[in-house]
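Contents: one structure, followed by commentary.
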């Protein structure tokens with residue numbers, strides 16, 4: 012079992028604002044991909060689309076200002092059944108985000124790519140909450156020939 | 012066992028140039044930390060220093076244009092004994108870097124931080140080779156209150 016782990020600290024920000032950016036289509040469109048649709052509330056399914064493809068996520072858990080968890084229900088084969096979790100906490104003036112994408116069967120090259128891309132998108136989330144402007148797809152930072 | 016995995020593609024670049032950036036003090040100073048010293052050749056020990064601390068790496072393996080592997084011999088307790096591997100390959104006009112930092116005992120919060128920071132530094136390596144300018148410490152992208 013291999014997992015993708017990341018951490019970002021959102022400076023001078025409230026976990027409320029991070030939580031909103033994770034649980035509304037408007038928020039998600041501001042940092043992950045502008046082509047986001049669906050229902051980001053508990054029990055809903057969110058469609059995230061990118062130039063090379065996309066993911067459908069079922070919202071498994073939403074604990075206000077503490078945790079958001081999704082399960083991948085459609086997308087690339089390697090992603091289906093994996094879970095994506097954001098754990099939030101306030102640390103003084105900063106909002107801390109601990110990220111986990113778990114359930115990968117094998118450490119394939121695509122997983123290496125996704126790990127680097129998750130870092131890029133989490134820094135986009137940090138920027139969105141700190142400054143009001145993220146860098147969602149299709150204007151995201153490109154890391155390789157896959158995107 | 013949990014690993015940190017990443018991938019970057021260095022556009023319109025040769026693996027020779029990436030290999031140089033991984034096996035010379037000048038190259039390493041250009042993307043990871045400006046405070047790099049020591050011997051980056053096989054069997055040498057490299058000292059990497061950052062404002063919060065640093066790492067000493069023993070150079071375990073250098074296969075020209077294919078692989079560089081280091082073992083952490085001094086630094087934070089969680090890092091000691093872990094290995095850092097860069098696997099390189101040419102893919103048409105691009106140089107592909109597959110990165111692994113393995114041997115972590117537990118997925119502690121510091122590991123989440125280091126995973127995100129490695130992505131930042133690998134994008135700095137990509138930038139250095141593509142443009143001649145990286146973003147090494149202390150002018151690196153900060154991801155949280157730890158740096």
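Chains as they are written, first to last, in my numbering: chain A, 12 to 158; chain B, 12 to 158. Cβ atoms here follow ideal geometry from the backbone N, Cα and C, with glycine treated the same way. Quantities reported herein were computed from a predicted structural model and do not represent experimental measurements.
Closest Cβ-Cβ distance between residue 133 of chain B and chain A: below 9 Å? On the second chain, residue 133 of chain B is found 122 positions in, with the first residue counted as 1. Against chain A, the CB of residue 133 of chain B has a partner CB under 9 Å away; the residue lies at that interface.
From A/76, A/114, A/113, A/45, pick the residue whose C-alpha is nearest to that of residue 61 of chain A; which is it? Translated into the one-based positions of the first chain, residue 61 of chain A becomes position 50. Residue A/45 is the option with its Cα nearest to residue 61 of chain A.
Short of 9 Å Cβ to Cβ, which residues in the stretch 113-124 of chain A face chain B? Answer set for the stretch 113-124 of chain A: 118, 120, 121, 122, 123, 124.
Can you tell me whether residue 153 of chain B is helix, strand or coil according to DSSP? Residue numbering aside, residue 153 of chain B sits at position 142 when the second chain is read from its first letter. Three-state DSSP puts residue 153 of chain B in coil, outside helix and strand.
Short of 6 Å in beta carbon distance, which residues of its chain neighbour residue 53 of chain B, apart from the five on each side in sequence? Order them along the chain. In the second chain, counting from the first residue as 1, residue 53 of chain B sits at position 42. Same-chain partners within the cutoff: 70, 73.
Counting C-beta neighbours from all protein chains within 10 Å, is the total for residue 48 of chain A 16 or more, i.e. buried, or is it exposed? Against the first chain, residue 48 of chain A aligns to sequence position 37. It is exposed - the Cβ of residue 48 of chain A has fewer than 16 other Cβ atoms within 10 Å.
Ordered list of beta strand (DSSP E) runs contained in the stretch 58-97 of chain A, each at least 3 residues: 64-74, 78-85
Smallest Cα separation from residue 81 of chain B: which of B/66, B/87, B/89, B/88? As a working mapping, residue 81 of chain B is identified with position 70 in the second chain. Selected option, being the one with the closest Cα: B/66.
How would you call residue 23 of chain B, buried or exposed, if buried means at least 16 neighbouring beta carbons within 10 angstroms? To locate residue 23 of chain B, count along the second chain from 1; it is residue 12. Residue 23 of chain B is exposed by the Cβ-count criterion.
Beta carbon proximity, residue 130 of chain B to chain A, threshold 9 Å: In the second chain, counting from the first residue as 1, residue 130 of chain B sits at position 119. Using a CB distance cut-off of 9 Å, residue 130 of chain B counts as an interface residue toward chain A.
Using a 10 Å radius around the Cβ and a threshold of 16 neighbouring Cβ atoms, would you call residue 92 of chain B buried or exposed? Position 81 of the second chain, counted from the start, is the residue given in the question as residue 92 of chain B. Residue 92 of chain B comes out exposed.
For residue 129 of chain B, does the three-state DSSP call read helix, strand or coil? To locate residue 129 of chain B, count along the second chain from 1; it is residue 118. DSSP places residue 129 of chain B in helix when its eight states are reduced to three.
Per DSSP, what kind of secondary structure is residue 46 of chain B in: helix, strand or coil? To locate residue 46 of chain B, count along the second chain from 1; it is residue 35. Residue state, collapsed to three classes: strand.
Comparing the C-beta of residue 126 of chain B with each C-beta of chain A, is any distance below 9 Å? Residue mapping note: residue 126 of chain B aligns to position 115 of the second chain, counting from 1. True, the Cβ-Cβ gap to chain A drops below 9 Å.
Express the C-alpha separation of residue 79 of chain A and residue 123 of chain B in angstroms, rounding to a whole number. Position 112 of the second chain holds residue 123 of chain B. Position 68 of the first chain holds residue 79 of chain A. One C-alpha to the other measures close to 17 Å.
What residues from chain A crowd round residue 10 of chain B, counting only those whose CB sits closer than 8 Å? Examination of residue 10 of chain B is not possible in this model, given that chain B is present from 12 through 158 alone.
Pull up the distance between the alpha-carbon of residue 135 of chain A and that of residue 147 of chain A, whole angstroms please. Reading the first chain from its first residue, position 124 is the one you call residue 135 of chain A. Reading the first chain from its first residue, position 136 is the one you call residue 147 of chain A. Cα to Cα, residue 135 of chain A sits roughly 7 Å from residue 147 of chain A.
Exposure label - residue 127 of chain A; buried when at least 16 CB within 10 Å: The count along the first chain starts at 1 and reaches residue 127 of chain A at position 116. It is buried - the Cβ of residue 127 of chain A has at least 16 other Cβ atoms within 10 Å.
Since residue 13 of chain A meets chain B, which of its residues come closer than 9 Å, beta carbon to beta carbon? Within the first chain, numbered from 1, the residue matching residue 13 of chain A stands at position 2. Correct list: 12, 13, 14, 16.
Pick from A/145, A/118, A/103, A/59 that is closest to residue 89 of chain A, judged by C-alpha positions: The count along the first chain starts at 1 and reaches residue 89 of chain A at position 78. The option with the nearest alpha carbon to residue 89 of chain A is A/118.
Identify every residue that forms a DSSP beta bridge with residue 56 of chain A. Looking up residue 56 of chain A in the first chain gives position 45. BP columns for residue 56 of chain A point to A/69.
Regarding residue 14 of chain A and the ligand ZN, is the C-beta to nearest heavy atom distance less than 8 Å? Ligands in the displayed structure: none, and consequently the ligand ZN is not present.
Assign residue 20 of chain B to buried or exposed, taking buried as 16 or more other Cβ atoms, counted over all protein chains shown, within 10 Å of its Cβ. If you number the second chain from 1, residue 20 of chain B lands on position 9. Buried, since its Cβ has 16 or more Cβ neighbours within 10 Å.
For the beta strand (DSSP E) containing residue 106 of chain B, list its first residue and its last residue. On the second chain, position 95 is the one that residue 106 of chain B refers to. Where residue 106 of chain B is concerned, the enclosing beta strand (DSSP E) stretches over 105-115.
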